[in-house]
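Novice: Residue numbers (our numbering): 14 to 332. Using N, Cα and C, we set each Cβ at its ideal position, and we do this for glycine too.
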Amino acid sequence: MNYFKLVANTTRHQAEHIWRAFERVNQRIWATMWHMECQLRQCYQQLLELEGRRHKGLALKAEGGPDDREQPSGPGTAAACGPETNPSSPRQQRVFLLHRAEEELAEVRNSCLDLQEGYQHFQDRYLTDLPVLLESLQEQRYRHALVVEQMDDHLQRHRNEIYHFLQSLVCTEEKMAYLSYEQAKEMWEVMEAFKSRLARLEATQQATQVEVTTRLWSGPREVLLRFMSLLLVLVCVVLACVSTVCSCPLPPATWHLRTCTVLILLGLGALAWQKQHAIAATDWQVWVPSRWRLDAENSRPPSGGPPGAGSLPPPAVPF
Numbered sequence: 014m015n016y017f018k019l020v021a022n023t024t025r026h027q028a029e030h031i032w033r034a035f036e037r038v039n040q041r042i043w044a045t046m047w048h049m050e051c052q053l054r055q056c057y058q059q060l061l062e063l064e065g066r067r068h069k070g071l072a073l074k075a076e077g078g079p080d081d082r083e084q085p086s087g088p089g090t091a092a093a094c095g096p097e098t099n100p101s102s103p104r105q106q107r108v109f110l111l112h113r114a115e116e117e118l119a120e121v122r123n124s125c126l127d128l129q130e131g132y133q134h135f136q137d138r139y140l141t142d143l144p145v146l147l148e149s150l151q152e153q154r155y156r157h158a159l160v161v162e163q164m165d166d167h168l169q170r171h172r173n174e175i176y177h178f179l180q181s182l183v184c185t186e187e188k189m190a191y192l193s194y195e196q197a198k199e200m201w202e203v204m205e206a207f208k209s210r211l212a213r214l215e216a217t218q219q220a221t222q223v224e225v226t227t228r229l230w231s232g233p234r235e236v237l238l239r240f241m242s243l244l245l246v247l248v249c250v251v252l253a254c255v256s257t258v259c260s261c262p263l264p265p266a267t268w269h270l271r272t273c274t275v276l277i278l279l280g281l282g283a284l285a286w287q288k289q290h291a292i293a294a295t296d297w298q299v300w301v302p303s304r305w306r307l308d309a310e311n312s313r314p315p316s317g318g319p320p321g322a323g324s325l326p327p328p329a330v331p332f
């Protein structure tokens, strides 16, 4: 009962220590009981030996009784015998030994009774504690089996979790590898597209630069040729007008008028020449930078359009 009270108020680790302590106490009790049983057997053997000696002493005493009775019939003979021939001294020794053996036998019997009582007490205590100990041992075994089963369940659960975690980790690694491969492939395709687009843009830029330079060199020549042809046409028109005026038969009164008309026409032609030269020079100075800017803007790559969309040549400006 004390063991159950201690186990009920303690933990598993302390219960193991208490169980070991009770085991040691049980072993000591068994050792004490075995020692007492050995002493009881020795006392029982001594008791048997003493009883055998007692029987022998009684037999010797019975044999020596007639001799004691015959001694008073001869008083003269007893006086004649000395102390050496007196048989009373060994008899007294035997009686003394018998009394001593009886006392020892009584002591041995008392000690045997005490040992029997102690042995019976220990046996009763052992028999009363044995079911309790067996029940506690069975309970400990059941608890141990339950703890082992729970531990196995926890271990299996942890193993399953580790297995699923490893599987998810492998799947994640495969997904990451596939995604990285796809991203690298897309980046490579984009890089290739940008490279081809840059190559096209460089080619179109070179073509536009060549075209712009050729136009810059050919534009002034064309303008100059057209301007010269226009001047020649104007001169021809003026000369035709002058020749027609001069060929017309007019009276002498209109000579001054004709002269003034010719001078006015020549002045207007000179003024037109000056104005035409000034307008052509200013228009040329403004037209060349604007043309250069227009070609440069057309040669730039578009921000969101397809490659080569900005490489079209600019429309020709009519002169």
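Label Arg228 either buried or exposed according to how many other C-beta atoms from any shown protein chain fall within 10 Å of its C-beta, with 16 as the threshold for buried.
Specialist: Here residue 228 corresponds to residue number 215 of the sequence shown, with the count starting at 1. Arg228 comes out buried.
Novice: What's the C-alpha gap between Thr98 and Leu110?
Specialist: Against the sequence shown, residue 98 aligns to sequence position 85. Against the sequence shown, residue 110 aligns to sequence position 97. Because the pLDDT of Thr98 is 41, which lies under 50, any placement of that residue in the model is unreliable, and the number read from its coordinates should be weighed accordingly. Going from the Cα of Thr98 to the Cα of Leu110 covers about 21 Å.
Novice: Buried or exposed for Thr217, going by 16 or more other Cβ atoms inside 10 Å?
Specialist: Your numbering for residue 217 matches position 204 in the sequence shown. Counting Cβ neighbours within 10 Å, Thr217 comes out buried, since at least 16 surround it.
Novice: Would Val236 pass as a contact of Leu278 if the rule is Cβ separation under 9 Å?
Specialist: Position 223 of the sequence shown holds residue 236. Position 265 of the sequence shown holds residue 278. Result no, Cβ atoms of Val236 and Leu278 do not sit closer than 9 Å.
Novice: Using 8 Å for Cβ pairs, my map puts Gln59 next to Val121. What's the rounded Cβ distance?
Specialist: Start at 1 with the first residue of the sequence shown, and residue 59 comes out as number 46. Start at 1 with the first residue of the sequence shown, and residue 121 comes out as number 108. With 8 Å as the limit, Gln59 and Val121 qualify as a contact, their Cβ atoms being about 6 Å apart.
Novice: For Glu205, is the beta carbon positioned less than 8 Å from some heavy atom of the ligand GTP?
Specialist: The ligand GTP is not part of the structure shown, which contains no ligands of any sort.
Novice: Which value, in whole angstroms, describes the spacing of the CA atoms of Ser181 and Lys198?
Specialist: By one-based count along the sequence shown, residue 181 stands at place 168. By one-based count along the sequence shown, residue 198 stands at place 185. Going by the C-alpha atoms only, they are around 25 Å apart.
Novice: Taking all protein chains shown into account, decide if Cys56 is buried (16 or more other Cβ within 10 angstroms of its Cβ) or exposed.
Specialist: Counting from one through the sequence shown, the residue named residue 56 turns up at place 43. With 16 or more Cβ atoms within 10 Å of its Cβ, Cys56 is classed as buried.
Novice: Checking 9 Å against the spacing of the C-beta atoms, do Leu247 and Ala285 come in under that value?
Specialist: Taking the sequence shown and counting its residues from 1, the one referred to as residue 247 is at position 234. Taking the sequence shown and counting its residues from 1, the one referred to as residue 285 is at position 272. Taking a C-beta distance under 9 Å as the contact criterion, Leu247 and Ala285 qualify as a contact pair.
Novice: Counting only the same chain and skipping the five closest in sequence on each side, list residues whose C-beta sits under 7 Å from that of Arg66.
Specialist: Translated into the one-based positions of the sequence shown, residue 66 becomes position 53. Same-chain partners within the cutoff: Ala114.
Novice: Hey, Met49 and Leu128: beta-carbon distance below 9 Å or not?
Specialist: Taking the sequence shown and counting its residues from 1, one reaches residue 49 at position 36. Taking the sequence shown and counting its residues from 1, one reaches residue 128 at position 115. Yes, the Cβ-Cβ distance between Met49 and Leu128 is below 9 Å.
Novice: Pop quiz: Leu61 and Leu118 are said to be a contact at Cβ under 8 Å. What is the actual Cβ separation, rounded to whole angstroms?
Specialist: Start at 1 with the first residue of the sequence shown, and residue 61 comes out as number 48. Start at 1 with the first residue of the sequence shown, and residue 118 comes out as number 105. Leu61 to Leu118, Cβ: 10 Å. No contact.
Novice: Which word fits Thr272, buried or exposed, when buried means at least 16 other C-beta atoms lie within 10 angstroms of its C-beta?
Specialist: The residue you call residue 272 lines up with position 259 of the sequence shown. The residue is exposed, with fewer than 16 neighbouring Cβ atoms inside 10 Å.
Novice: Are there 16 or more other CB atoms within 10 angstroms of the CB of Cys125, so buried, or fewer, so exposed?
Specialist: Here residue 125 refers to the residue found at position 112 when the sequence shown is read from its first residue. Cys125 comes out buried.
Novice: List the whole-angstrom C-beta distance separating Tyr132 from Leu53, where the pair is believed to meet the contact cut-off of C-beta under 8 Å.
Specialist: Sequence index remark: in the sequence shown, residue 132 carries index 119 (1-based). Sequence index remark: in the sequence shown, residue 53 carries index 40 (1-based). That belief holds up - the Cβ atoms of Tyr132 and Leu53 are roughly 7 Å apart, short of 8 Å.
Novice: Are the beta-carbon atoms belonging to Gln153 and Trp32 less than 9 Å from one another?
Specialist: For the purposes of this step, residue 153 is taken as residue 140 along the sequence shown, with counting starting at 1. For the purposes of this step, residue 32 is taken as residue 19 along the sequence shown, with counting starting at 1. Yes. Within cutoff.
Novice: Taking Val223 and Val255 to be in contact with their CB atoms under 8 Å, please state how far apart those CB atoms are, rounded to whole angstroms.
Specialist: On the sequence shown, residue 223 is found 210 positions in, with the first residue counted as 1. On the sequence shown, residue 255 is found 242 positions in, with the first residue counted as 1. The pair is not a contact, with the Cβ atoms about 48 Å apart (cut-off 8 Å).
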